[in-house]
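Sequential numbering of the sequence shown, starting at -4, is according to the numbering used here. We put the beta carbon where it would ideally sit given N, CA and C, even for glycine. Notes for the one structure printed next.
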Amino acid sequence: MVDNPDDPRFASRRAFLRSGLVASGAAALGGSLPARAETVGNPANLPPNVPDWSRFLGEGVGVRAYGKPSQHEANVIRRDVEWLTASRESSVSFTPLHELDGPITPNGLCFERHHGGIAEVNPTDYRLMLHGLVEKPLIFTLDDIKRMPRVNRAYFCECAANSGMEWRGAQLNGCQFTHGMIHSVMYTGVPLKILLEQAGVKPNAKWLLLEGGDAAAMTRSLPLQKALEDTLVAYRMNGEMLRPENGYPVRMVVPGWEANMWVKWIRRIEVGDQPWHHREETSKYTDLLEGGKARRFTYVMDAKSVITNPSPQAPLNHKRGFTVLAGLAWSGRGKVQRVDVSLDGGRNWQAARLDGPVWDKALTRFYYEFDWDGRELLLQSRAMDETGYVQPTKAELRQVRGVNSIYHNNGIQTWHVRSSGEVENVEVS
Ligand SMILES: Nc1nc2c(c(=O)[nH]1)N[C@H]1C(S)=C(S)[C@@H](COP(=O)(O)O)O[C@H]1N2
Ligand SMILES: [Mo]
């Protein structure tokens, strides 16, 4: 199994399942999360008193040369699930979706997935080699890349294994863990097409090999067509240079396609006429169906959505009355066109309100406001994209794909809200 490190069903999970800890496992996870402080407040700081922070001069400029979030937001962090993978170097940390809002993921909170740890690349020594079926093989420095015409595009990046632990049933208690292998940032980069034009692609070229410069030297085969369409060689995220975790100084951005193709620390692109054989070819990023058949080349991430608030890590805590339900929707095939929300496990649906920019192949924020009377709820969201594709239920997905898959689980998520306001990951039939 170690030859297939992106498989989140690592041996440890098997043991975990056998030990019958599935139900309490979620509780154990929840237990490690500090409870949110109730908004009671310290009377000394409340009106008509003058609070501490109004009485003294604060720190001057420059003290915080690179700004950090407030110390009171210490709970807003990436988290990992220890039993999921065998090592920290080949593992994943999850985006805290329930602590965020809007359509953009802050850089320091973008989920990370590495197969050989974080490569610390010195930008002066960075080189990108482009060779194979080209007229003129080229080696680019970072400066070369920065001097080419660049574009700004927001895209989501979702690991194909996102929600992979949920194929057989509800398992992890929190959207950070069920859906947190996704981030959406504004990239600045150069269309790969421009680099390919400089090298001059030969007529028989059909596929590219993308190779990372980390210890895993991860490689993926990318169809030339996608490379020419919208693939970017990106070096900035949300304005600043890429973070080391996410591929500093240069990574591939392959819009709408599974994150595994988004090779980080990209060091080599080879142009060829057929897909390459990769080390993990037999199992990795292939969806195993009932009866031993498999789906391959399933690159596109289909439309999906999740309610981020309320959710197991962000309960309602007896807060009845006006409630803002918030969530995220996305599709690898284009723009999100519509999101519906159900409060009763999929019997009745209402249109949610999309708010903020609706970008092509990027996270889209939705809201649904309602008056909560304290009754139990079964919350669901269902995304529809501009192609008319509608996010399937988990039952529909299993009917087509069985339960042997890990990847591409875009089924509708259900959160059970109790009258206490606690929220749990469940499934409805
Ligand atoms: N060089 C390299 N690129 C890589 C990986 C890797 O291990 N090495 N992991 C891939 C996988 S499986 C995922 S899900 C994404 C994660 O991107 P992120 O770390 O920016 O979230 O990077 C992809 N690119
Ligand atoms: Mo991944």
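Can you give the Cα-Cα distance for residue i and residue j, rounded to whole angstroms?
i    : j    : result
Q166 : A69  : 26 Å
R238 : I72  : 16 Å
N147 : G341 : 38 Å
H313 : V412 : 11 Å
E115 : P43  : 52 Å
T382 : S300 : 16 Å
F151 : G234 : 16 Å
P250 : V353 : 15 Å
L320 : G159 : 25 Å
E206 : I261 : 6 Å
D47  : H273 : 60 Å
P305 : V418 : 7 Å
D75  : G169 : 12 Å
N420 : E153 : 21 Å
Y61  : E265 : 38 Å
L311 : D368 : 12 Å
L28  : H174 : Its pLDDT being 41, under 50, L28 is placed unreliably by the model, and nothing is read from it.
F172 : T303 : 11 Å
E297 : A346 : In the sequence on display, residue 297 carries Asp and not Glu. Looking at the two C-alpha atoms, the distance is approximately 20 Å.
E422 : W410 : 8 Å
By a C-beta neighbour count over all protein chains shown, 10 Å radius and 16 as the cutoff for buried, is residue i buried or exposed?
i    : result
D380 : buried
A23  : Unreliable positioning characterises A23 in this predicted model, as indicated by a pLDDT of 37, which lies under 50. The coordinate reading is nonetheless provided below. So A23 counts as exposed.
K63  : exposed
G406 : buried
R50  : exposed
Q66  : exposed
Q408 : buried
P118 : exposed
K259 : buried
N404 : buried
E276 : For E276, the pLDDT reaches just 44, beneath the cut-off of 50, and the residue's location in the model is therefore unreliable, although a value from the coordinates is still provided. Exposed.
L52  : exposed
G164 : exposed
G322 : buried
F317 : exposed
A39  : exposed
On a CA-only basis, which of the options is nearest residue i? Give me that one, please.
i    : options                   : result
V248 : L373, K221 and H273       : K221
R348 : G341, D355, R342 and D335 : D335
L397 : E161, T136 and R263       : The sequence shown places Gly at residue 397, rather than the Leu named in the question. Closest by alpha carbon: E161.
G208 : P98, I189, I113 and P101  : I113
G267 : R122, L219, T293 and E422 : L219
G416 : I401, Q308 and V385       : Q308
R315 : L223, Q345, E371 and Q386 : E371
Y243 : E265, E54, L79 and L137   : L137
P270 : K201, E224, I177 and D368 : K201
E192 : T100, L128 and A156       : L128
M124 : S424, F135 and V423       : F135
S85  : E240, S179 and A324       : E240
Y402 : D366, I302 and V295       : V295
A156 : L338, Y384 and T80        : T80
V331 : S376, E364, A211 and P101 : S376
From what residue to what residue does the beta strand (DSSP E) around residue i run?
i    : result
K299 : K299 to N304
F365 : T359 to W367
C152 : V146 to E153
W202 : W202 to G207
N420 : V418 to V421
Q375 : L372 to D380
D335 : V331 to S337
F51  : Careful: F51 lies outside any beta strand (DSSP E) and carries neither H nor E.
W325 : G316 to W325
V228 : L227 to M232
G127 : L123 to G127
Since residue i is in the alpha helix (DSSP H), which residue starts that stretch and which ends it?
i    : result
H174 : C170 to H174
E224 : L219 to E224
V395 : K389 to R396
D507 : A question about residue 507 goes unanswered here, because the residues of the chain that appear run from -4 up to 424.
A194 : L187 to A194
When you measure from the CB of residue i to every non-hydrogen atom of ligand 4, does any distance come out below 7 Å?
i   : result
R83 : The model depicted lacks ligand 4 and carries ligand 1 and ligand 2 instead.
>> Tell me whether the segment 101 to 108 and the segment 183 to 199 touch, counting them as touching only if at least three CB pairs, one residue from each stretch, are closer than 8 Å.
In response: no
>> Does the structure place the segment 83 to 90 close enough to the segment 213 to 229 that three or more beta carbon pairs sit under 8 Å?
In response: no
> How about the segment 249 to 258 and the segment 210 to 218: do they share at least three Cβ pairs that are nearer than 8 Å?
Replying inline: yes
> Counting Cβ pairs, one atom from each stretch, are 3 or more of them under 8 Å apart for the segment 357 to 366 and the segment 383 to 394?
Replying inline: no
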